[in-house]
Amino acid sequence: MITIVLFGKPGAGKGTQAAFLKEKYNLMHISTGDVFRFNLKNNTPLGEKAKTFIDNGELVPDEITIDMLRDEVEKNQDCNGFLFDGFPRTIKQAEALDELLLSKDWDLTATIALEADDNILVQRILERGKTSGRSDDQDELKIRNRYAEYNEKTAPLIDYYKAKNKYHAVNGIGTIEEITQRLSQVIDQL
Ligand code: C5P
Ligand code: MG
1 MITIVLFGKP GAGKGTQAAF LKEKYNLMHI STGDVFRFNL KNNTPLGEKA
51 KTFIDNGELV PDEITIDMLR DEVEKNQDCN GFLFDGFPRT IKQAEALDEL
101 LLSKDWDLTA TIALEADDNI LVQRILERGK TSGRSDDQDE LKIRNRYAEY
151 NEKTAPLIDY YKAKNKYHAV NGIGTIEEIT QRLSQVIDQL
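Under this note's numbering, think of the first position of the sequence shown as 1, with each following residue one higher.
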């Protein structure tokens, strides 16, 4: 079982790249943000619980996100591998992922980060906000809050995965094709 965490700040291109990588490597793409947005749109109880956090650019509490991720993995066990996008975003979530993988007798294949400068990313997100319909993409304060959340809660994962020798990073600035190429080079060497 291949299990890859695609890591990076908001707007780094995780979703865009996942769309290519899932085809190329026959992986199940799980975007926690997309699952949340699906639940918001359909007014499910999960969507209700997550709504205010997402609207404010805050992270949804770990228990909610971890339960959701676990369900998504359970539903898709027969696949060739997983590409996690937007999960984990906290140490607690990373530990939960480790536990989940262990319980299945799977190993984390790698974490691959898309690196890019905040100012470029905020501009990218504002641009995306013109068409994404996402309220959290349209307001610079909310966007900045997502970066504050990233710096405080998500950035510590870099050391978490480095300590396990699972951390790889590629330059996230370039054309979509160039970046897919860089990610593929890393994956092909795993
Ligand atoms: O990954 P994406 O940027 O699409 O996530 C959108 C929002 O979903 C985040 O800003 C956050 O509110 C919520 N989210 C979360 N925890 C995750 C993934 C997403 O709280 N692990
Ligand atoms: Mg995304």
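Virtual Cβ for every residue (Gly too), placed ideally from N, Cα, C.
{"Asked": "Please classify G129 as buried or exposed, where buried requires at least 16 neighbouring CB atoms within 10 angstroms.", "Found": "buried"}
{"Asked": "Rounded to whole angstroms, what's the CA-CA distance from E178 to T16? Just pull it up for me.", "Found": "12 Å"}
{"Asked": "Hey, D62 and K92 are a contact pair by Cβ (cut 8 Å); roughly how many whole angstroms apart?", "Found": "4 Å"}
{"Asked": "Cα-Cα, which of D117, F53 and R182 is closest to L40?", "Found": "F53"}
{"Asked": "Just the C-alpha distance for R124 and L114, rounded to the nearest angstrom, thanks.", "Found": "14 Å"}
{"Asked": "Specify the secondary structure class of L59 as computed by DSSP and reduced to three states.", "Found": "coil"}
{"Asked": "With DSSP collapsed to three states, give me the class of I54.", "Found": "helix"}
{"Asked": "Compare the Cα-Cα distances from K9 to each of L59, D78 and N76 and report the closest residue.", "Found": "L59"}
{"Asked": "Under the rule that 16 or more other beta-carbon atoms within 10 Å means buried, what is A110, buried or exposed?", "Found": "buried"}
{"Asked": "Just tell me which of C79, G133 and G11 has its CA closest to the CA of D117.", "Found": "G11"}
{"Asked": "When you compare the region 32-51 with the region 85-102, are there three or more beta-carbon pairs, one atom per stretch, that lie closer than 8 Å?", "Found": "yes"}
{"Asked": "Which value, in whole angstroms, describes the spacing of the CA atoms of N145 and G57?", "Found": "6 Å"}
{"Asked": "Reducing DSSP to helix, strand and coil, say where M28 ends up.", "Found": "strand"}
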